[in-house]
Amino acid sequence: MILLEKLYYEVPADVWKVIQNLYSNMSTEVKWNNHISKRFPIKQGVRQGGVLSTHFYKSYINDLPIELEKRALGLSIGLEYCGSPLCADDIVLMSTDETEIQAMLDIVYKYSCEHRYNIHPQKSTLIKTERTKSKYQPEIIKLGNEATQTDNQATH
C-alpha cells in the first residue's frame, strides 16, 4: 500500500505499526437505495471519515504540489508559491497561461497513474478568466486523454 510506504519514513516505528494494523484486512460495503452490497476488501487508499485520514492523505499527496513548485509551474505572489493549494482531497491548479496549465495537468495525471488513484475529468473544471492567455490558438486542455470541462464557475 503506497500510503504505508510513504509513512514508513515519516513516523516512528511503533506508530507505523499501529497505522499498519488500522489498514490491514479492511473491508467495506456500499449502501445504495436501501440495498447493501456484499463486503469487499479495501486494498488501497485512505479510510473515508477516519480521524487521521486528512493527515494521511496529506502525506499521500504532498509530493504533487512540491513537484509543481520545483518546476515553477503555477502562480506565485512575490516569492511565495501558491499555484497548487490543497484542501482535503481537492487540489486547485492556478495559472494565467494555458500552456502552463496543460503542463501542470500532465504532471498531475502522471502522478495519479504512478500512485494508483483516479482523477475524474467529469469532476474537474477548468475556469478561464480574462487574464488567461494562450500563446497560440485556444487549446483543448486535457487530463490524460480526456478534455476538461470549461466553465466560468465550479461547484464544490
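Counting from 1, one number per residue, gives the positions in the sequence shown under the UniProt record's numbering.
All residues carry an ideal CB built from backbone N, CA and C; glycine is no exception.
- With respect to L86, I141 sits apart: the two C-beta atoms are not nearer than 8 Å.
- G50 and L64 have their C-alpha atoms spaced approximately 22 Å apart.
- DSSP, read as helix, strand or coil, puts D14 in helix.
- One alpha carbon belongs to L7, the other to S112, and they sit about 18 Å apart.
- Only residues of its own chain outside the window of five on either side were considered, and among them R39, F40, I42 have a CB closer than 8 Å to the CB of T28, listed in chain order.
- For A72, the secondary structure class from DSSP, reduced to helix, strand or coil, is coil.
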